[in-house]
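In full-length UniProt numbering, the protein residues as written are 1 to 104. Where a beta carbon is used, it is the ideal one built from N, C-alpha and C, also for glycine. Read through the structure below, which is laid out as structure tokens, and then see the notes.
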Amino acid sequence: GRVDHGFNVRPDLCAVDNSVLPSSYMKNFYVDTLVHDENVMNFLIQTMGVERIAMGSDYPFPLGEHHPGKLIESMDLSDATKQRLLAGTALEWLGLNENEFTRS
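What follows is the structure, given as structure tokens:
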């Protein structure tokens with residue numbers, strides 16, 4: 001979006017000592033699901049990909065969901081996508097085997 005545009009049209013401001021498009025760094029970041037809005041969650045999935053989004057709680061702050069995961073569960077997403085958002089990404093990031101935490 002905006003940063004990539006600046007990178008392309010004003011390299012004197014945004015492309016200093018870097019030849020890589022800024023958005024290409026997105027694959028190096030993880031974000032959480034605590035957005036409180038279905039449209040924002042869909043945008044996040046589209047922008048980041050489910051493999052970079054993990055369940056968020058906002059702990060220790062009191063601004064999380066009253067029922068963690070309720071937004072994800074209520075959305076029209078595949079079961080695989082829901083599982084990835086609710087647990088899969090975090091388990092992968094932690095280097096844990098998902099099979100040890102799920103029922104067959």
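Just the C-alpha distance for residue i and residue j, rounded to the nearest angstrom, thanks.
i           : j          : result
residue 57  : residue 36 : 11 Å
residue 80  : residue 90 : 14 Å
residue 40  : residue 49 : 13 Å
residue 4   : residue 23 : 6 Å
residue 76  : residue 67 : 18 Å
residue 117 : residue 25 : The chain is shown only over 1 to 104; residue 117 falls outside these bounds and no answer can be derived.
Do residue i and residue j have their C-beta atoms closer together than 8 Å?
i          : j          : result
residue 64 : residue 86 : no
residue 52 : residue 20 : no
Relative to the C-alpha of residue i, which candidate in the options has its C-alpha closest?
i          : options           : result
residue 61 : 74, 34, 78 and 54 : 34
residue 72 : 94, 55 and 26     : 55
Looking at the structure shown, is residue i part of a helix, part of a strand, or coil, going by DSSP?
i          : result
residue 58 : coil
residue 35 : coil
Three or more beta-carbon pairs under 8 Å between the stretch 5-12 and the stretch 36-46, yes or no? no
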